[in-house]
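Asks: Would you mind keeping the following structure in view while I ask a few things?
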Amino acid sequence: MKKSALKQIAMQRVKILIDRALYSRDEFSDHHIVIAKKIILKYKLKIPFEYKILFCKHCKKFIIPGRDSIIRTGRSNTKALRITCKLCGHTYRKIIEKPNQT
């Protein structure tokens, strides 16, 4: 198989594993994330934003919004999401860009 086809199959598998870990509460959810990380590293995949914010930037653990993390909107002029990991206590921001008005 070609490399691009393998990467596409790998990305589909990663999405399935992360969705299963996110939406089902079973004892295998941590194992699903371990497998997904191994696939990501093996095929050097770029993770989409909606899945990237589910991993803590400090402790690198999978965090489920509401259970393992707190997500708030910033109150300053710069609009941002403030994500606080309940596992390690680290807080980081994701800037929400304004659409260009031309």
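Following this note's numbering, the numbering of the sequence shown begins with 1 at its first residue and continues without gaps.
Virtual Cβ for every residue (Gly too), placed ideally from N, Cα, C.
(1) Helix, strand or coil: which one does DSSP assign to leucine 22?
(2) From phenylalanine 49 to cysteine 88, what does the alpha carbon distance come to, in whole angstroms?
(3) Under 7 Å, do isoleucine 39 and valine 14 count as touching if we go by C-beta distance?
(4) Mind reading off the beta-carbon distance from leucine 17 to alanine 36? Whole number of angstroms is fine, and I expect it under 8 Å.
(5) Between asparagine 77 and tyrosine 92, what straight-line distance do the alpha-carbon atoms span, to the nearest angstrom?
Replies: Considering the structure as presented:
(1) DSSP places leucine 22 in helix when its eight states are reduced to three.
(2) 21 Å
(3) yes
(4) Yes, leucine 17 and alanine 36 are in contact; Cβ-Cβ is about 4 Å, under 8 Å.
(5) 17 Å
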